[in-house]
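Trainee: My structure is below; once you've seen it, I'll send some questions.
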Amino acid sequence: MRKKLGVALGSGSARGWSHIGVLNALAEAGITVDYIAGTSIGSVVGAVFSIGDIRGFERFVRGIDWKGIVSLIDVTFPGSGLIPGKRLFRMLSEYYRDVKIENLPVPYCAVAADVETGEEVRFTSGRIIDAVRASVSIPGIFTPFRYEGRILVDGGIVNPVPVDIVREMGADVVLAVDLNSCKTASVTPAPVPEPEMKTGEERESRILHMLEEKYKEITGTIKTKIDSIRSREHFLNILEILDNSANIVQRSITENQFKLSRPDLIIEPRLGDFRLLDFDRGDEAIDEGYSLTCLKTDTLKDMLG
């Protein structure tokens, strides 16, 4: 009798596109996924897989460019997060078509965290878009998601790779995809220009210019904000600091959790140079996840009997 396979898809921002490659490799090898759980970006890909349209989603991901990413980002200041995410989740809502988790052909769970109590929150029923919205709300970057009286954020702060969850769902064998094992801090602070000495009208003109730029930053569109900081590198700097800080914490949590609930097989995509918003590098991530998984499908088949 075949053992049941559970797949735990970990958190890791843009590196999460590698989950698509992992799932494609399993499908091509004729390996059935019986249960799937995901945290953060893992919840996004896991939901698409459970719906049954991973190939269609792959085409979408491979076609994303930087302009497309920018069009989905709605920056706010001040607030509880830099990105409200309304545009992004409006797009995902259309994609998930208001499907409910309990109606999915493949049992699915998304992991979030209650920011007030620190509790792990598991979504095993209700709308997929609500589960994903909560699971991907990276603290400090996306605004938290208010759901049934709770304030929810990215599940990566409590369970980055939900191995224990798929075991509890009924999996005999667990394949884990850990996206943070090879991630290293790579932030280079944006250079701060030396202040220039200004006098008279020059100083007044500079102050007015600074005020004008600040006004645009607060009230302008995302395009105006990005233009004002002149480069993608500068724009990403603060996001990368937040992301790398989260990665450090999640690596530690994952190491400890693997000691308590060890997966039977681990895929560790080598995407350490990926940054938070490198979603336009889908080809690289998908191919990496696919190639690594292909090397382990025979071993996995033996485990499953």
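With my numbering applied, the sequence shown corresponds to residues 182 to 486, in that order. Beta carbons are placed, not taken as given, at the ideal position from N, Cα and C, and that holds for glycine.
Within the continuous beta strand (DSSP E) that includes ASP483, where are the two ends?
Mentor: Segment 478-485 is the alpha helix (DSSP H) holding ASP483; no beta strand (DSSP E) there.
Trainee: Starting from ILE201, trace the alpha helix (DSSP H) in both directions and tell me its first and last residue.
Mentor: Start and end: 199-209.
Trainee: Could you check if MET350 is buried or exposed, using at least 16 other CB atoms within 10 Å of its CB as the buried criterion?
Mentor: buried
Trainee: Which term fits PRO286, buried or exposed, when burial requires 16 or more other beta carbons within 10 angstroms of its beta carbon?
Mentor: Counting of Cβ neighbours within 10 angstroms places PRO286 among the exposed residues, the total staying below 16.
Trainee: Please classify ILE429 as buried or exposed, where buried requires at least 16 neighbouring CB atoms within 10 angstroms.
Mentor: exposed
Trainee: Is the region 435-455 in contact with the region 357-364, if contact means three or more CB pairs nearer than 8 Å?
Mentor: yes
Trainee: Among the residues of its own chain, which have a CB less than 8 Å from the CB of ASP468, if the five just before and after it don't count?
Mentor: Only residues of its own chain outside the window of five on either side were considered, and among them GLY202 have a CB closer than 8 Å to the CB of ASP468, listed in chain order.
Trainee: Can the beta-carbon of GLY197 be found less than 7 Å from the beta-carbon of ILE232?
Mentor: no
Trainee: Assign ALA466 to one of three DSSP states: helix, strand, or coil.
Mentor: Shown here, ALA466 sits in a helix according to DSSP, grouped into three states.
Trainee: Leaving out five residues on either side along the sequence, give the residues of the same chain with a beta carbon under 6 Å from the beta carbon of SER224.
Mentor: ALA291, VAL313, SER316
Trainee: Where does THR435 land, buried or exposed, given buried means 16+ other C-beta within 10 angstroms?
Mentor: buried
Trainee: Where ARG271 and MET182 are concerned, what is the direct C-alpha to C-alpha distance, given to the nearest angstrom?
Mentor: 43 Å
Trainee: Where does GLY336 fall in DSSP's three states?
Mentor: helix
Trainee: Per DSSP, VAL220 is paired with what?
Mentor: In the sequence on display, residue 220 carries Thr and not Val. Looking at the DSSP assignment, THR220 forms a beta bridge with VAL292.
Trainee: Tell me whether LEU452 is buried or exposed, calling it buried when 16 or more other Cβ atoms sit within 10 Å of its Cβ.
Mentor: buried
Trainee: Report back the beta-carbon spacing between GLY187 and VAL347 to the nearest angstrom; my notes put them in contact at under 8 Å.
Mentor: 3 Å
Trainee: Compare the Cα-Cα distances from ASP353 to each of THR213, GLY193, ALA228, SER194 and report the closest residue.
Mentor: THR213
Trainee: According to the neighbour-count rule (16 or more other Cβ atoms, all chains shown, within 10 Å of its Cβ), is PRO372 buried or exposed?
Mentor: Note on PRO372: pLDDT 42, under 50, position unreliable in the model; the coordinate value appears next. PRO372 is exposed by the Cβ-count criterion.
Trainee: What's the C-alpha gap between ARG303 and PRO343?
Mentor: 10 Å
Trainee: In whole angstroms, give me the CA-to-CA distance for ILE332 and PHE323.
Mentor: 12 Å
Trainee: Could you spell out the range, first to last residue, of the beta strand (DSSP E) harbouring ALA352?
Mentor: Careful: ALA352 lies outside any beta strand (DSSP E) and carries neither H nor E.
Trainee: With which residues is ILE447 paired in a DSSP beta bridge?
Mentor: ALA357
Trainee: Express the C-alpha separation of SER306 and ILE282 in angstroms, rounding to a whole number.
Mentor: 5 Å
Trainee: Residues in the same chain with beta-carbon distance under 6 Å from ALA525, minus the five sequence neighbours each way, listed in chain order, please.
Mentor: The requested residue 525 is not part of the displayed model; the chain covers only 182 to 486.
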